[in-house]
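Undergrad:
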Amino acid sequence: MAVDSLAGNAAVVAGGEMVTLEVFRYRPEEETEPVYQAYEVPVHKDWVVLDALNHIKDHLDGTLSFRWSCRMGVCGSCGMMVNGDATLTCATFVESLLPGPIRVGPLENFPVVRDLIIEMNDFMEKLESVKPWIIRDEEKSLEDGAYLQTPAQLADFKQFSMCINCLLCYAACPVYGLEPSFTGPAVIALAQRYNLDSRDQGAGERNAILNTDEGIWQCTLVGECSVVCPKDVDPAAAIQRYKVSSTLQWYQKLLMPWSGK
Amino acid sequence: MKTTIEPFWWSLFGAGGTLAALFIPITLIINGLAIPLGWLDAPAYENVLQLARHPLARTYLFLLISLSFYHWAHRFRFTLYDGLQLKHLNLLIAVICYGGATVGTIAAGYTLINL
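Chains as they are written, first to last, in our numbering: chain A, 3 to 263; chain B, 544 to 658.
1) My guess is that A:L23 and A:P103 are in contact by the Cβ rule of under 8 Å, so how many angstroms apart are they, rounded?
2) Grab the span of the alpha helix (DSSP H) containing B:F551 for me, first residue to last.
3) For A:R73 and A:S98, what's the separation of their Cα atoms in angstroms?
4) Whole angstroms are fine: how far does the CA of B:F556 sit from the CA of A:L150?
5) Do you know offhand how far A:F125's Cα is from A:E141's?
6) So A:S248 contacts chain B; which residues on that side make the cut at Cβ distance below 8 Å?
7) Between the region 606 to 623 of chain B and chain D, which residues of the former have CB atoms less than 7 Å from a CB of the latter, in chain order?
8) Look up B:L658 in the DSSP assignment and say whether it is helix, strand or coil.
9) Cβ of B:H617 within 9 Å of Cβ of B:A563?
10) Decide if A:D236 is buried, meaning its Cβ has at least 16 other Cβ atoms within 10 Å, or exposed.
11) Using 8 Å for Cβ pairs, my map puts A:K133 next to A:G204. What's the rounded Cβ distance?
12) Going by DSSP in three states, A:A88 sits in which element: helix, strand or coil?
13) My assumption, with CB atoms under 8 Å, is that A:C92 sits in contact with A:V25. Please give the rounded CB distance.
14) Please list, in chain order, the chain A residues whose beta carbon lies closer than 8 Å to that of B:T547.
15) Less than 8 Å between the CB atoms is what I'm expecting for A:A240 and A:F112, so what's the real figure, rounded?
16) If I follow the unbroken alpha helix (DSSP H) through B:L599, where does it start and stop?
17) Alpha carbon to alpha carbon, how far is A:P153 from B:I656? Give it in angstroms, no decimals.
18) For A:A4, is the classification buried or exposed, using 16 other Cβ atoms within 10 angstroms of its Cβ as the cut-off for buried?
19) DSSP puts A:G107 in a beta bridge; with which residues?
20) Ordered along the chain, which non-local residues of its own chain (more than five positions away) have a Cβ less than 7 Å from that of A:C165?
21) Of the choices A:L223, A:N213, A:V21, whose alpha-carbon is the least far from that of A:V106?
22) Once the 5 residues before and after A:V84 are set aside, which same chain residues still bring their CB inside 6 Å of it?
23) Tell me whether the region 634 to 645 of chain B and the region 597 to 606 of chain B touch, counting them as touching only if at least three CB pairs, one residue from each stretch, are closer than 8 Å.
24) Could you tell me the alpha carbon to alpha carbon distance between A:I119 and A:T249, rounded to whole angstroms?
25) Which residues of the region 573 to 591 of chain B have a Cβ closer than 7 Å to any Cβ of chain A? Give them in chain order.
26) What whole-angstrom Cβ distance do A:T89 and A:V230 have, given they're in contact under 8 Å?
27) Mind pulling the alpha helix (DSSP H) runs of 4 or more residues that sit fully within the region 8 to 61 of chain A?
28) A:N197 and B:T547 - do their beta-carbons sit closer together than 9 Å?
29) So, is the C-beta of B:G559 closer than 9 Å to a C-beta in chain A?
30) One question on the structure: do A:N209 and A:Q251 come within less than 9 Å of each other, judged by their Cβ atoms?
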């Protein structure tokens with residue numbers, strides 16, 4: 003059989019082997035309820051699920067809609083549910099899911115716009131609400147030079163800066179599924195990324211959003227966010243650390259009400 | 544800023560979990576296995592009572608029992624809230640769970656004082 007152009011020089015495994023992909027379809031102008039549609043896709047040794055979806059789009063059914071961009075685990079746009087697990091489809095090999103069928107759906111806990119495309123406005127609003135940028139009481143002037151940082155100070159927050167906003171943690175979080183008001187793992191981890199940055203002075207402003215019932219305190223440390231995270235951000239650890247520091251602040255305020263903040 | 548009481552409950556939960564995980568297995572192995580199976584000689588009742596009456600032992604037992612109760616209360620509250628999805632009974636659940644732990648704490652305190 004012909005080697006698919008998309009996969010470059012991909013070698014076909016076991017001459018002509020095929021696998022079934024059951025893909026979630028939702029076309030609001032055509033149907034009121036979503037359905038799963040089966041496609042037969044050739045098995046290539048070095049194909050990931052995203053390659054199989056692109057094969058469908060290019061050769062079998064051009065109406066299938068999904069997001070993707072970089073194909074290398076950097077852009078964070080191809081997150082989907084594959085056999086029930088939240089995963090980046092560019093990082094999940096078809097071969098590891100044989101003999102199939104492989105069930106591909108949109109990320110859970112989000113409204114579906116069409117097929118595999120989810121609506122992420124809720125996340126974007128929450129992300130903006132925690133001010134994920136460096137906040138200074140007073141900006142230094144350009145003449146005063148850059149804000150210097152030691153390697154140890156960088157190491158304090160670097161892990162949390164690796165987030166690519168792929169939303170796998172939201173799809174995996176059962177608390178977010180039950181309580182859409184929950185701020186959620188990635189946003190709290192990104193807030194911590196700035197709180198723990200030696201150049202930042204905005205922890206108090208973020209605390210007003212996060213040290214609340216809808217913020218960190220809704221988390222029950224299920225830990226699935228850290229299991230599915232493709233970048234090892236470990237949002238569960240970020241939330242736990244936030245709980246510890248907020249608790250210390252709470253007791254400080256209780257025992258020393260005059261201490262301010 | 545909205546104030547929240549959660550840090551208080553969470554700190555009791557955390558402290559209780561840490562204490563229970565560290566010390567309850569030790570207590571269980573000594574009293575539940577080692578002594579009944581004869582690995583250790585059973586101490587005389589009077590000696591154990593005297594040990595338990597020591598102020599440090601009373602404090603230790605009180606904290607271990609009370610904080611374990613609050614650990615249970617917090618976890619059970621979220622088990623009911625999220626697990627059984629009884630969100631609308633939030634206040635009732637909290638009163639029952641933390642109230643139960645408070646009753647247990649008072650009972651433990653009363654028992655230990657009158658030991």
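Where a beta carbon is used, it is the ideal one built from N, C-alpha and C, also for glycine.
TA: Reading it off the structure:
1) Your numbering for residue 23 of chain A matches position 21 in the first sequence. Your numbering for residue 103 of chain A matches position 101 in the first sequence. About 7 Å separates the two Cβ atoms, so the contact holds.
2) Looking up residue 551 of chain B in the second sequence gives position 8. Start and end: 549 to 571.
3) The residue given as residue 73 of chain A occupies position 71 in the first sequence. The residue given as residue 98 of chain A occupies position 96 in the first sequence. Distance between the alpha carbons of A:R73 and A:S98 is about 18 Å.
4) Your numbering for residue 150 of chain A matches position 148 in the first sequence. Your numbering for residue 556 of chain B matches position 13 in the second sequence. Taking the straight line from one Cα to the other gives about 39 Å.
5) In the first sequence, the residue the question calls residue 125 of chain A occupies position 123. In the first sequence, the residue the question calls residue 141 of chain A occupies position 139. In a straight line, the C-alpha of A:F125 is about 29 Å away from that of A:E141.
6) Position 246 of the first sequence, counted from the start, is the residue given in the question as residue 248 of chain A. Under the 8 Å cutoff, chain B gives P550.
7) Judged by its chain identifiers, the structure shown contains no chain D, and its protein chains are A and B.
8) In the second sequence, counting from the first residue as 1, residue 658 of chain B sits at position 115. Note: B:L658 maps to coil in three-state DSSP.
9) Stepping through the second sequence from its first residue, residue 617 of chain B is reached at position 74. Stepping through the second sequence from its first residue, residue 563 of chain B is reached at position 20. Contact flag unset, no.
10) As a working note, residue 236 of chain A is residue 234 in the first sequence. In the assembly as shown, A:D236 is a buried residue. Its beta-carbon has 16 or more other beta-carbons within 10 Å.
11) For the purposes of this step, residue 133 of chain A is identified with residue 131 of the first sequence, where counting begins at 1. For the purposes of this step, residue 204 of chain A is identified with residue 202 of the first sequence, where counting begins at 1. Indeed, because the Cβ distance is near 6 Å, the residues count as touching under 8 Å.
12) One-based indexing of the first sequence puts residue 88 of chain A at position 86. Three-state result, A:A88: strand.
13) For this step, residue 92 of chain A is matched to residue 90 along the first sequence. For this step, residue 25 of chain A is matched to residue 23 along the first sequence. About 16 Å; that fails the 8 Å criterion.
14) Your numbering for residue 547 of chain B matches position 4 in the second sequence. Correct list: N213, T214, D215, W219.
15) In the first sequence, counting from the first residue as 1, residue 240 of chain A sits at position 238. In the first sequence, counting from the first residue as 1, residue 112 of chain A sits at position 110. Contact doesn't hold; Cβ gap of about 21 Å is too wide.
16) The residue labelled residue 599 of chain B in the question sits at position 56 within the second sequence. Segment 598 to 621, the alpha helix (DSSP H) holding B:L599.
17) Residue mapping note: residue 656 of chain B aligns to position 113 of the second sequence, counting from 1. Residue mapping note: residue 153 of chain A aligns to position 151 of the first sequence, counting from 1. The straight-line gap from Cα to Cα measures roughly 54 Å.
18) Reading the first sequence from its first residue, position 2 is the one you call residue 4 of chain A. Confidence at A:A4 is low in this model, with a pLDDT of 44, below 50, so its placement is unreliable and no value can be given for it.
19) Here the question's residue 107 of chain A lines up with position 105 in the first sequence. Per DSSP, A:M83.
20) Indexing the first sequence from 1 puts residue 165 of chain A at position 163. Cβ neighbours of A:C165 beyond the five flanking positions: A188, A191, L192, K233, V235.
21) Indexing the first sequence from 1 puts residue 106 of chain A at position 104. Comparing alpha carbon positions, the residue from A:L223, A:N213, A:V21 closest to A:V106 is A:V21.
22) Numbered from 1 along the first sequence, position 82 holds the residue referred to as residue 84 of chain A. Only V51, T94, V106 meet the Cβ criterion.
23) no
24) The count along the first sequence starts at 1 and reaches residue 119 of chain A at position 117. The count along the first sequence starts at 1 and reaches residue 249 of chain A at position 247. A:I119 and A:T249: Cα-Cα distance of roughly 39 Å.
25) none
26) To locate residue 89 of chain A, count along the first sequence from 1; it is residue 87. To locate residue 230 of chain A, count along the first sequence from 1; it is residue 228. Yes, A:T89 and A:V230 are in contact; Cβ-Cβ is about 7 Å, under 8 Å.
27) 51 to 57
28) Along the second sequence, one-based indexing puts residue 547 of chain B at 4. Along the first sequence, one-based indexing puts residue 197 of chain A at 195. No; because the gap between Cβ atoms is not below 9 Å, this pair is not in contact.
29) Walking along the second sequence from the start, residue 559 of chain B turns up at place 16. Not a single CB atom of chain A sits nearer than 9 Å to the CB of B:G559.
30) Position 207 of the first sequence holds residue 209 of chain A. Position 249 of the first sequence holds residue 251 of chain A. Cβ atoms of A:N209 and A:Q251: closer than 9 Å.
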